[in-house]
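Taken in order, the sequence shown gives residues 122 to 446; the numbers are from the working numbering. Take a look at the structure set out below.
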Amino acid sequence: MRDGKLPNRYKHLVKPLNWREGPAGLYPDKLFFMEGASDMEGLGLCFSFLYVKAPCSFHPMEGSVSHPYDEVLVFASLDRGDILHLGAEISIELGPEREEYAFSDPVCVCVPRGLAHGPVRVRGTERPFVHYAIALSPAYAEERVAASQRTPAAGSGKYAHLIKPFLFHRDENDKSEMGYALAVDARGVGHPAEAGVGPGNADSLLWLFGSELEDFPLNFTWGHYSRCGKWHRAGEMHSHPEEEALFFVGLNPDDPLDFGAEPECGLGPACERHIINRPSVYVMPPNLPHLPVILRWVDRPYGLVVCNLSGVHASPWSVTIEDIL
């Protein structure tokens, strides 16, 4: 502290999420939409996050779209009682053939660069869910294909391998050394808070790695959180050789700006403490020491998406409790 002020060397890495209209014709409603180049200090991805409450079409609303980069479309549950209960009937068209694939469980659709896809059609909703997209580029770009009069074809299976169940496997690519893989149940759901990873960690957690994502240079999570305290008992700080982002969101589809919690996260070698209390992202450049995350208070449950730009999650502790005590 100097002149009564806390250091703010890394304040620029903490960003509120933009609640806005998406690219024209892509989504029917406002959503959180962040581009790496303009909104996240040049981070090598774009991130969109949409609450879906009723039948609709999106990505795009009509016709199809392709991108000059790889992308993952995620369909995830808001059901805190069962993170594997999506509560919706959904279909997506893939390829120039307009092959249609339907699903009703949480899935991730891997879209290789240049592959025409969409629209996504939500045909029925038992309960709201979330859709988020991770584009492996710092800037959004697209090529639209006009709507065809041809009826979508039943999926022949040509693109079925691109649709991945959203589960947490005890994967060899989890090299985090944080104990998450030991917290996974037989259904493929992690329960790190209950398993003792840390009192403030997730109630339920899903995690996919590059080997499960067509070898995209990406691993990411979706989790439901409701507890105060520190995320990890075992360590204080770690870093990654790749970029990473932590997206904090609320779980109230009727009020997306309602966050209801106050996390703080350490950034940089001196562990500057940075606090948020609204939907926000912490941007981690390569090799930046970060953590611990500590939940100061939680009035309402919240959600978290961690995106790491590597197929594996290598993050051994650089500072442990023993180094401090």
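Glycine included, every Cβ here is placed at the ideal spot set by N, Cα and C.
Cα-Cα separation between residue i and residue j, rounded to whole angstroms
i: residue 101; j: residue 215; result: With the chain covering 122 to 446 only, the question about residue 101 has no answer from this structure.
i: residue 285; j: residue 255; result: 15 Å
i: residue 122; j: residue 388; result: Annotation note: pLDDT 43 at residue 122 (below 50); position unreliable, no value reported.
i: residue 307; j: residue 331; result: 21 Å
i: residue 134; j: residue 390; result: 14 Å
i: residue 349; j: residue 321; result: 5 Å
i: residue 444; j: residue 175; result: 51 Å
i: residue 251; j: residue 146; result: 19 Å
i: residue 131; j: residue 405; result: 10 Å
i: residue 236; j: residue 190; result: 10 Å
i: residue 217; j: residue 378; result: 38 Å
i: residue 160; j: residue 210; result: 33 Å
i: residue 242; j: residue 212; result: 5 Å
i: residue 381; j: residue 397; result: 10 Å
i: residue 344; j: residue 324; result: 7 Å
i: residue 353; j: residue 312; result: 13 Å
i: residue 268; j: residue 230; result: 21 Å
i: residue 158; j: residue 168; result: 11 Å
i: residue 128; j: residue 315; result: 35 Å
i: residue 262; j: residue 317; result: 42 Å
i: residue 417; j: residue 383; result: 6 Å
i: residue 342; j: residue 302; result: 13 Å
i: residue 399; j: residue 375; result: 15 Å
i: residue 385; j: residue 351; result: 10 Å
i: residue 177; j: residue 233; result: 24 Å
i: residue 407; j: residue 340; result: 15 Å
Unbroken beta strand (DSSP E) run spanning residue i, endpoints
i: residue 169; result: 167–173
i: residue 187; result: 185–187
i: residue 398; result: Premise fails: residue 398 is in no beta strand (DSSP E) and is neither H nor E.
i: residue 369; result: 365–371
i: residue 417; result: 411–419
i: residue 137; result: 135–137
i: residue 346; result: 340–346
i: residue 429; result: 423–429
i: residue 327; result: 325–329
i: residue 387; result: 382–388
i: residue 192; result: 192–198
i: residue 179; result: 177–179
Residue i CB to nearest heavy atom of the ligand ADP below 8 Å
i: residue 147; result: This structure lacks the ligand ADP; in fact it carries no ligand of any kind.
8 Å contact criterion, which residue i and residue j should meet: CB distance rounded
i: residue 289; j: residue 193; result: The Cβ separation is near 16 Å, so there is no contact.
i: residue 205; j: residue 310; result: 6 Å
i: residue 186; j: residue 264; result: 7 Å
i: residue 358; j: residue 427; result: No, residue 358 and residue 427 are not in contact; Cβ-Cβ is about 16 Å, not under 8 Å.
i: residue 410; j: residue 298; result: Going by Cβ atoms, the distance from residue 410 to residue 298 rounds to 15 Å, so no, they are not a contact pair.
i: residue 327; j: residue 287; result: 5 Å
i: residue 402; j: residue 138; result: 6 Å
i: residue 239; j: residue 181; result: 5 Å
i: residue 173; j: residue 273; result: Actually they do not touch by this definition, with Cβ atoms about 20 Å apart.
i: residue 222; j: residue 148; result: Not a contact, Cβ separation roughly 20 Å.
i: residue 283; j: residue 333; result: About 12 Å separates the two Cβ atoms, so there is no contact after all.
i: residue 300; j: residue 355; result: 7 Å
Limits of the unbroken alpha helix (DSSP H) element including residue i
i: residue 158; result: 157–160
Short CB-CB distance (under 9 Å) between residue i and chain B
i: residue 433; result: The structure shown contains no chain B, having only a single protein chain.
Validate contact between the region 187–202 and the region 218–232 using beta carbons, cut 8 Å, 3 pairs:
yes
Beta strand (DSSP E) runs contained entirely in the region 251–313, provided each spans 3 or more residues
264–266, 284–286
What are the start and end residues of each continuous beta strand (DSSP E) run of 3 or more residues lying completely inside the region 211–237, in chain order?
220–224, 228–232
Are the region 356–369 and the region 431–440 in contact at 8 Å, needing three or more beta carbon pairs?
yes
Under 8 Å: do the region 160–171 and the region 200–211 share three or more Cβ pairs, one atom per stretch?
no
Determine contact between the region 408–423 and the region 150–157, defined as no fewer than three beta-carbon pairs at a distance below 8 Å.
no
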